[in-house]
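Chemist: There's a structure below that I have some questions on.
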Amino acid sequence: MNLTLKIWRQAGPKAKGDMVTYSVTDISEDMSFLEMLDVLNEQLNARGEEPIAFDSDCREGICGMCGLMISGQAHGPEVTTTCQLHMRSFTDGDEITVEPWRADAFPVIKDLVVDRSAFDRIIQAGGFISANTGAAPEAHSVPVPKPNADRSFMAAACIGCGACVAACPNASAMLFTGAKLTHLGELPQGQPEREARVVSMLNQHDHEGFGGCTNVGACSEACPKEIPLDVISQLNRDLRTALMHGE
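Residue numbers for the sequence shown follow UniProt numbering, so the first one is 1 and each next one is one higher.
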């Protein structure tokens, strides 16, 4: 498979970036997208050129480190993480554009690498519980209805990759924030801080420069873990309750 790649290159956070065109040949359809970029970087190294910087870690669709806009789609044409996107999703001769996540709250560090520490600060603002930790409690000591447990596990599947922000026309992180709130809000251990949590996390969300939600739904469609849009509804319900109680 032979491909033409138009890749965003930017030397640093304050440097001017531009799209640079590269050609890659003999790419196996069984390669992942990141493996294809590895091949390109090997060629650039061999020519004495600066390799392309991009994020990755586990390469198993678990950690959320990888994340690219591929031909205008977050993570590319399949609903999966970039590391699990394979080249068989493309055809010989394709021209592919590769860009970093586009959001003011995700400033570019270099090339395709962005700073997503805004997500960490949202979690730090309220994504915790005051319940004592230590030895694991007996499994049935705190009954949790199965629908609540299932919904909490669903929300906890969010890996914080940022695809929701990249796909949203407003660069909103409401799906991410809603997932983190729902994860704790469905469990008994998450109740003591529930109202304060939603206010603190949303204040931090806005402070970081993320946009507002206008219910486009692109965030959920792009999410590799298929977090449903109704976690944002849960967020809004919790916020209304908190404001009614004077939080």
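Yeah, the Cβ is synthetic: ideal placement off N, Cα and C, and Gly gets one too.
1) Looking only at its chain, what residues have a beta carbon closer than 7 Å to the beta carbon of Gly212, apart from the 5 residues adjacent to it on each side?
2) Helix, strand or coil: which one does DSSP assign to Thr97?
3) Note down, in chain order, each residue of its chain lying with its Cβ closer than 6 Å to the Cβ of Glu208, except the 5 sequence neighbours on either side.
4) Tell me the DSSP secondary structure of Ser172 in three-state form.
5) Note down, in chain order, each residue of its chain lying with its Cβ closer than 6 Å to the Cβ of Ser71, except the 5 sequence neighbours on either side.
6) Between Thr91 and Gly61, is the Cβ-Cβ spacing less than 8 Å?
7) Looking only at its own chain, which residues have a Cβ that is under 6 Å from the Cβ of Glu99, when we skip the five neighbours before and after it?
8) Mapping DSSP to helix, strand and coil, what is Gln73?
9) By alpha-carbon positions, which one of His183, Asp55 and Ala135 ends up nearest to Glu35?
10) In angstroms, rounded to a whole number, what distance separates the CA positions of Pro224 and Ala242?
11) Could you have a look at Thr82 and say whether DSSP puts it in helix, strand or coil?
12) Please list the terminal residues of the continuous beta strand (DSSP E) segment that includes residue 317.
Modeler: Put simply:
1) Closer than 7 Å at Cβ, skipping near neighbours: Asn170 and Ser172.
2) Assigned with DSSP and collapsed to three states, Thr97 falls in strand.
3) Result list for Glu208: Ala105 and Ala118, in chain order.
4) Three-state DSSP puts Ser172 in coil, outside helix and strand.
5) Listed in chain order, the non-local C-beta contacts of Ser71 below 6 Å within the same chain comprise Ile96 and Thr97, local neighbours out to five positions each way being set aside.
6) Result no, Cβ atoms of Thr91 and Gly61 do not sit closer than 8 Å.
7) Here the set comprises Trp8 and Met69.
8) The answer is strand: DSSP assigns Gln73 an E or B state.
9) Selected option, being the one with the closest Cα: Asp55.
10) For Pro224 and Ala242, the gap between their C-alpha atoms comes out near 31 Å.
11) It is helical.
12) Residue 317 lies beyond the range of the chain shown here (1 to 247); nothing can be said about it.
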